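Sequence lines, in order, name chains A, B and C.
Letter by letter, the first sequence follows residues 0 to 243 of numbering that gives the first Met the number 0.
Letter by letter, the second sequence follows residues 0 to 506 of numbering that gives the first Met the number 0.
Letter by letter, the third sequence follows residues 0 to 241 of numbering that gives the first Met the number 0.
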Amino acid sequence: MGDAAQEHRQWLEQMEAASRAKQASFMDGIARKLKRPRVTEAPAHPLRGAPDFWNAFELTPEERIEKFMSNWQSVGGHPARLADMDAVRKFITDKAKEMGAHYLIRQNEPELAALDLEGALPEAEVSVWNTDADVHWKARSAEADFGVVMADYAAAYTGTVTVLSSKDKGRSVSLLPTVLMIIIPVGRLKTKMGEPLAELDRAGRENLPAGAHFISGPSRSSDIENDLTIGVHGPGIVYALIVG
Amino acid sequence: MSAKTAAGTVKERAELALNDEFLRKAVKFTTERLRNGKKNASAEHGNWDEWRERGRQIRLHTIAHLDYYLNLFVENARANGVHVHFADTGADAVKIALEVARRKQAKTVVKSKSMVSEELHLNHALEGIGVEAIETDLGEYIIQLAGETPSHIVIPAIHKNRYQIADLLSEVAGEKLEADTTVLAGFVRKKLRENFLEADIGMTGCNFAIAETGSMVLFENEGNARMVTTLPKTQITLMGMERIIPSFRDLEVMATLLPRSATGQRMTMYMSAITGPRRTEDADGPDEMHIIIVDNGRSLQLGDPEFQELLNCIRCGACLNACPVYRHIGGHAYGGTYSGPIGAVLTPALNKNVAEWDDIANASSLCGACYEACPVKIPLHDMLIYLRRRKVEKGHGNKLEGAGMKGFAAVMGNAKRFRAALKMGQLGQKLVVRDGGIRTKLGPLKGWNSYRVTPSLPKHTFRQSFATLDQEIREGLKEMSPDIRARMEAAVKNRGNAGQGGGHGHG
Amino acid sequence: MKVSLFITCLSDAIYPRVGEAMLRILAKYGVRLDFPTVQTCCGQPAFNSGYWDAARESARTIMEAFEDSDFVISPSGSCTGMIHHYPKLFENDPVMRAKAEALQAKSYEFTQFLVGVLGVTDVGASFPHKVTYHPSCHGSRLLGIKDEPMALMQNVKGLEFVPLPFAEDCCGFGGTFAVKMADISGAMVSEKVDHVKETEAEVLVGLDLACLMNIAGNLRYRGESVRVMHLAELLAEGAKLA
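Take a look at the structure:
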């Protein structure tokens with residue numbers, strides 16, 4: 000560790016000590032203003048989460064697909080329903096050729112490796128997230144025409160896809176490329192967003208990824224005269240490919 | 000923050016706004032779009048009042064146990080590797096943020112939308128130490144280039160047209176850009192991409208913080224908040240101390256209420272839950288993450304039965320869009336960081352400085368549209384009255400009005416004096432009535448009669464005519480049907496508990 | 000049973016015909032309205048401006064005036080709504096607070112009583128005109144009066160109902176607001192009148208005289224001939240009770 004890094008570490012430790020010292024008085028101040036002693040045990044929270052009628056609400060698998068696709072379409076995304084991963088390979092390679100995509104980046108996941116996009120697109124350069132310590136992966140993603148990711152979950156009612164980060168799954172891959180391809184195995188498509196959210200509660204703090212992202216369509220803004228613009232910062236073209 | 004960020008009174012600023020035709024039309028158009036979007040989205044979703052009530056209950060519960068949940072959040076965030084800081088005041092928060100920037104030898108900070116940062120005037124402070132702060136939300140970026148402040152919580156550049164925006168962006172581009180939304184947004188995308196990849200620090204606000212996991216949650220449509228939390232090596236998050244909710248399941252309720260109330264969307268395009276800095280082997284996300292928990296007047300609402308619910312606010316802006324006053328005068332007329340009904344209450348409440356309360360609280364007709372629109376049912380229309388009362392109680396009321404109200408009490412506390420006052424009106428109006436109406440713009444009628452004709456008083460008041468009328472009514476009174484009698488008896492019997500308002504409860 | 004009329008200042012001083020209309024309509028159903036002459040104003044102007052001591056003076060007078068009544072009926076959602084604030088006014092005085100709650104429980108706006116209690120939705124009126132309706136904020140939002148006036152109007156023969164665009168928007172009255180923030184209030188009432196004109200209605204009805212006076216004042220200022228009426232007046236005229 001260099002001197003500067005050492006010094007920085009020390010400063011962080013000092014700040015941490017100051018913060019811990021302040022914490023007690025900050026919380027005591029809250030309790031005092033609420034005119035009662037500090038609450039240190041978890042209070043009963045019977046009205047946690049959505050109302051019961053909502054938790055009971057469930058769409059059939061076919062309804063979920065239909066609902067997801069119509070939602071995705073309505074916000075300017077492109078949904079497609081595909082029979083299997085072979086159809087996914089064909090879909091992505093066709094689109095890449097059609098749009099002239101030269102640079103692709105994908106997450107480092109077995110399902111995506113099995114697609115063998117490298118073989119299917121010999122003229123394109125396909126990068127696999129975080130497989131080489133010397134590559135600046137954020138910049139690589141920013142250069143990419145296509146980003147290809149697997150959905151961890153999807154929710155039909157709002158048309159939302161959940162992607163979780165890990166060493167093999169970059170946050171940049173679903174954010175920086177011009178076009179985003181999200182593959183949703185039909186078994187991961189739930190009715191409501193509450194279902195993936197409950198999974199995060201179940202996983203617990205220690206097992207959460209640094210980034211859990213819920214994506215519901217292309218990047219958009221209406222900040223200029225209420226005129227809708229697509230692709231302001233994130234991908235403007237987003238495909239949701241439901242498989243199975 | 001100060002109530003005096005803008006010159007003059009609310010009334011003076013409102014007059015300026017009322018005379019700005021473009022501003023009025025733009026604000027009206029935007030708020031109508033958002034308001035209708037919200038109405039449709041909440042109707043389409045259904046059971047809206049049950050969702051509102053659930054949202055309110057979750058917020059009430061969290062704030063009532065804020066010491067527990069905030070502490071839990073802090074412990075969990077630390078366990079995730081976050082550096083947590085506490086700031087009692089805006090100045091403390093600024094100091095901590097600047098210190099981090101200095102330590103990191105930062106040249107550039109990219110920011111995503113944060114009302115807390117506006118509240119602290121942080122950009123200005125960063126510039127003061129030579130750090131360039133770049134707003135990356137499209138609307139915020141435009142406002143920053145213009146050197147202005149946001150006029151709406153959700154659509155900050157509501158008051159700018161595309162030609163003004165094209166001029167601002169052309170200056171940055173060094174070439175003339177066409178006043179076309181796609182061209183302008185495309186330019187900003189390209190320009191800010193470089194900034195995202197080069198910036199030393201990413202700075203964000205925080206929509207919700209999950210106590211049980213130490214995660215912070217951001218809602219957005221553009222993707223800039225994701226950029227800010229993914230690309231720079233250091234992340235600083237400014238968080239109001241009340242942003243907490245217990246769990247991700249509770250987040251489902253907030254995610255149901257917030258986007259629908261703000262823009263009428265089923266969901267914003269992105270919702271991100273960030274749990275600590277990047278894991279050791281991750282190839283993106285910040286190496287170092289700071290969360291600054293800001294009080295700055297918020298805790299003053301705790302334990303105040305009339306204002307504690309202010310802390311339930313989820314900053315959706317629905318009250319602005321519903322407010323007829325906001326629609327006519329726009330955000331800048333309010334003179335503080337927060338505008339519209341929530342701003343009219345929050346600004347003085349956070350400041351707790353009676354003398355500076357200005358006349359913000361008077362800029363409301365108390366129509367209750369804000370309450371009706373609020374996804375967590377904050378009774379803003381009642382709070383405005385409490386503010387007015389506190390101002391009077393502290394002796395900061397208007398002297399003339401105070402004297403008038405003493406007279407009011409004397410007259411209204413006694414029917415004889417009330418009768419005499421009515422009589423005086425009947426006599427006095429003879430001086431000003433023309434053609435059955437009063438049009439004079441002198442004295443107290445000036446403001447009223449600049450837009451209206453005041454009706455003249457009839458020859459007899461109701462109480463003067465009642466005896467004669469009653470005589471006639473008694474003579475022709477129909478016999479009451481047994482059905483109606485039964486209904487009336489049932490109504491009296493079913494009143495039950497006092498305060499239930501005879502089955503017509505107070506919203 | 001004692002059913003009392005809470006006349007409210009505006010009806011007492013400026014629009015006595017509205018009180019008269021209520022008297023006549025209710026008489027049709029065997030209800031004679033009692034009128035305690037010690038009543039004054041509900042206290043809303045003082046309450047809304049923050050002068051709660053003055054408001055309490057008014058409130059005490061009203062509470063005494065209606066102490067023996069079984070029902071208290073007013074031609075204003077706003078003034079009845081003010082009675083709903085009385086418990087808050089006396090929150091630190093258990094005796095007065097209980098009285099305030101008792102008054103609140105028996106207070107009704109006119110259509111709430113007519114439709115909600117008496118169960119009357121057809122007074123046998125005929126009114127062959129194009130009519131639009133402004134739902135006043137306090138009545139509709141705070142007391143929840145939405146269906147009652149619609150039910151009554153639906154049963155008036157010949158009445159052609161035209162919905163008012165942006166009906167739920169405040170007319171800009173707001174009591175002292177109209178004086179303190181005259182230009183904002185003026186902009187609001189002008190917009191309201193623009194919407195009334197869009198309907199091409201001959202008559203605008205409502206349930207709150209303050210709002211109606213505000214809108215009528217601007218209509219007259221602009222030389223518009225739209226007739227402005229309280230719903231009780233329309234019903235009484237239509238049923239030939241006036």
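Heads up, the beta-carbon is just placed ideally off N, CA and C, and yes, glycines get one too.
The structure displayed is predicted, hence computed values, not measured ones.
Can you tell me whether F89(C) is buried or exposed? The criterion is at least 16 other CB atoms within 10 Å of its CB, across all chains shown.
Taking the first residue of the third sequence as 1, we reach residue 89(C) at position 90. By the neighbour-count rule (16 or more Cβ atoms within 10 Å), F89(C) is buried.
Could you check what DSSP says for G123(C) in three-state terms: helix, strand or coil?
Counting from one through the third sequence, the residue named residue 123(C) turns up at place 124. Correct three-state label for G123(C): coil.
Leaving out the 5 sequence neighbours to the left and right, which residues in its chain are closer than 8 Å to D115(A) when beta-carbon positions are compared?
The residue given as residue 115(A) occupies position 116 in the first sequence. Excluding positions up to five away in sequence, the list reads R88.
Around the C-beta of W71(A), are 16 or more other C-beta atoms found within 10 angstroms, so that it is buried, or is it exposed?
Taking the first sequence and counting its residues from 1, the one referred to as residue 71(A) is at position 72. By the 10 Å Cβ count, W71(A) comes out buried.
With 16 as the cutoff for other CB atoms within 10 Å, does M0(B) come out buried or exposed?
For the purposes of this step, residue 0(B) is identified with residue 1 of the second sequence, where counting begins at 1. Note that M0(B) has pLDDT 36, beneath the 50 cutoff, so the model's placement of it is unreliable and the number below is only indicative. So M0(B) counts as buried.
Using the rule of at least 16 other Cβ atoms within 10 Å of the residue's Cβ for burial, across every protein chain shown, is E219(B) buried or exposed?
The residue you call residue 219(B) lines up with position 220 of the second sequence. With 16 or more Cβ atoms within 10 Å of its Cβ, E219(B) is classed as buried.
Just checking my contact of A238(C) with T131(C) at CB under 8 Å: how many whole Å lie between their CB atoms?
Here the question's residue 238(C) lines up with position 239 in the third sequence. Here the question's residue 131(C) lines up with position 132 in the third sequence. So it is not a contact: roughly 20 Å between Cβ atoms.
Using a threshold of 8 Å, state whether the C-beta atoms of M149(A) and L111(A) are closer than that.
Within the first sequence, residue 149(A) is the residue found at index 150, counting from 1. Within the first sequence, residue 111(A) is the residue found at index 112, counting from 1. Contact: yes.
With distances taken Cα to Cα, identify the nearest neighbour of P481(B) among D52(C), D182(C), A12(C), V30(C).
Here residue 481(B) refers to the residue found at position 482 of the second sequence. For the residues D52(C), D182(C), A12(C), V30(C), the minimum Cα distance to P481(B) belongs to V30(C).
Compute the Euclidean distance between the alpha carbons of L240(A) and D166(B), then round it to the nearest angstrom.
As a first step, residue 240(A) is located in the first sequence; it is residue number 241 there, counting from the start. As a first step, residue 166(B) is located in the second sequence; it is residue number 167 there, counting from the start. Answer to the nearest angstrom: the Cα atoms are 41 Å apart.
Please identify the residue among A272(B), R192(B), T336(B) whose C-alpha is closest to the C-alpha of A211(A).
Position 212 of the first sequence, counting from 1, holds the residue named residue 211(A). Taking only the C-alpha atoms, the option nearest A211(A) is A272(B).
By alpha-carbon positions, which one of G446(B), G424(B), K445(B), P443(B) ends up nearest to K458(B)?
Along the second sequence, one-based indexing puts residue 458(B) at 459. Checked all of G446(B), G424(B), K445(B), P443(B); the closest Cα to K458(B) is G424(B).
If you measure from the beta carbon of P15(C) to each beta carbon in chain B, is any gap under 8 Å?
Position 16 of the third sequence, counting from 1, holds the residue named residue 15(C). For P15(C), the answer is yes, since a Cβ of chain B falls inside 8 Å of its Cβ.
Ignoring anything shorter than 4 residues, give me the alpha helix (DSSP H) runs that lie fully in the stretch 73–139 of chain A, in order along the chain.
Runs of the alpha helix (DSSP H) inside the stretch 73–139 of chain A: 84–98, 109–114, 116–119.
Examine the Cβ distances between the stretch 13–28 of chain B and the stretch 202–217 of chain A and report whether three or more of them are shorter than 8 Å.
Judged by Cβ distances under 8 Å, the stretch 13–28 of chain B makes no contact with the stretch 202–217 of chain A, as fewer than three pairs qualify.
Would you list, in chain order, the members of the stretch 169–180 of chain A that have their beta-carbon closer than 7 Å to a beta-carbon of chain B?
The residues in question are G169, R170, S171, L174.
Rounding to the nearest angstrom, what Cα-Cα distance links Q264(B) and E97(A) in this structure?
One-based indexing of the second sequence puts residue 264(B) at position 265. One-based indexing of the first sequence puts residue 97(A) at position 98. If I take the Cα positions, the gap works out to 32 Å.
Considering only DSSP beta bridges, list what T453(B) is partnered with.
If you number the second sequence from 1, residue 453(B) lands on position 454. DSSP, once it has assigned bridges, lists I437(B) as partnering T453(B).
Assign Q234(B) to one of three DSSP states: helix, strand, or coil.
In the second sequence, residue 234(B) corresponds to position 235, counting from 1. Strand, per DSSP.
Check distances from the C-beta atoms of the stretch 218–235 of chain B to those of chain A and list, in chain order, the residues that come in under 8 Å.
Within the stretch 218–235 of chain B, the residues whose Cβ lies closer than 8 Å to some Cβ of chain A are N220, E221, G222, N223, R225, M226, T228, T229, L230, listed in chain order.
Pick out the complete alpha helix (DSSP H) segments inside the stretch 272–356 of chain B, 4 residues or longer, and give them in chain order.
Listed in chain order, the complete alpha helix (DSSP H) runs (minimum 4 residues) inside the stretch 272–356 of chain B are 317–321, 323–328, 339–350.
Are there 16 or more other CB atoms within 10 angstroms of the CB of A111(C), so buried, or fewer, so exposed?
For this step, residue 111(C) is matched to residue 112 along the third sequence. Sequence check: residue 111(C) is Gln here, not Ala. Burial call: buried.
What span of residues does the alpha helix (DSSP H) with P195(A) cover, start to end?
As a first step, residue 195(A) is located in the first sequence; it is residue number 196 there, counting from the start. That run of the alpha helix (DSSP H) goes 193–202.
Could you list the residues in the stretch 148–171 of chain B with a C-beta less than 7 Å from some C-beta on chain A, going in chain order?
Listed by position, the residues of the stretch 148–171 of chain B near chain A (Cβ gap below 7 Å) are I154, A156, N160, R161, I164.
Nearest chain B C-beta to V231(A) closer than 8 Å, yes or no?
Position 232 of the first sequence holds residue 231(A). Output row for V231(A): interface = yes.
Per DSSP, which residues does D4(C) bridge with? Please list them.
In the third sequence, residue 4(C) corresponds to position 5, counting from 1. The sequence shown places Leu at residue 4(C), rather than the Asp named in the question. DSSP, once it has assigned bridges, lists I72(C) as partnering L4(C).
On a CA-only basis, which of A119(A), N107(A), P78(A), F25(A) is nearest R170(A)? Give me that one, please.
As a working note, residue 170(A) is residue 171 in the first sequence. Of the candidates A119(A), N107(A), P78(A), F25(A), the one whose C-alpha sits nearest the C-alpha of R170(A) is N107(A).
I need the boundaries of the beta strand (DSSP E) containing R184(A), first residue and last residue.
Here residue 184(A) corresponds to residue number 185 of the first sequence, with the count starting at 1. In the sequence as displayed, the identity of residue 184(A) is Pro instead of Arg. Segment 178–184, the beta strand (DSSP E) holding P184(A).
Report the three-state DSSP secondary structure of M228(C) (helix, strand or coil).
Locating residue 228(C) in the third sequence gives position 229, counting from the first residue. Of the three classes helix, strand and coil, the one that applies to M228(C) here is strand, per DSSP.
Specify, as a first and last residue, the run of the alpha helix (DSSP H) that K492(B) falls within.
The sequence position of residue 492(B) within the second sequence is 493, counting from 1. Its alpha helix (DSSP H) spans residues 481–492.
I'd like the span of the alpha helix (DSSP H) that includes T88(B), first residue to last.
The residue labelled residue 88(B) in the question sits at position 89 within the second sequence. Element bounds for T88(B): n/a, residue is neither H nor E.
Spatial neighbours of K103(B) within its chain, please: CB distance less than 7 Å, with the 5 preceding and 5 following residues excluded, ordered by chain position.
The residue given as residue 103(B) occupies position 104 in the second sequence. The answer, listed in chain order, is D199, I200, T233.
So K34(A) is in the alpha helix (DSSP H); what residue range does that whole segment cover?
Position 35 of the first sequence holds residue 34(A). Neither: K34(A) is in no alpha helix (DSSP H) and is coded neither H nor E.
Return the chain-ordered list of same chain residues with a C-beta closer than 6 Å to the C-beta of M187(C), the five sequence neighbours on each side being excluded.
The count along the third sequence starts at 1 and reaches residue 187(C) at position 188. G171.
Look up R170(A) in the DSSP assignment and say whether it is helix, strand or coil.
Residue numbering aside, residue 170(A) sits at position 171 when the first sequence is read from its first letter. In the structure shown, R170(A) sits in coil (DSSP, three-state: anything other than H, G, I, E or B).
Spell out a yes or no on whether the stretch 142–156 of chain C and the stretch 117–134 of chain C are touching, meaning 3 or more CB-CB pairs, one atom from each, closer than 8 Å.
At 8 Å Cβ cutoff, the stretches touch.
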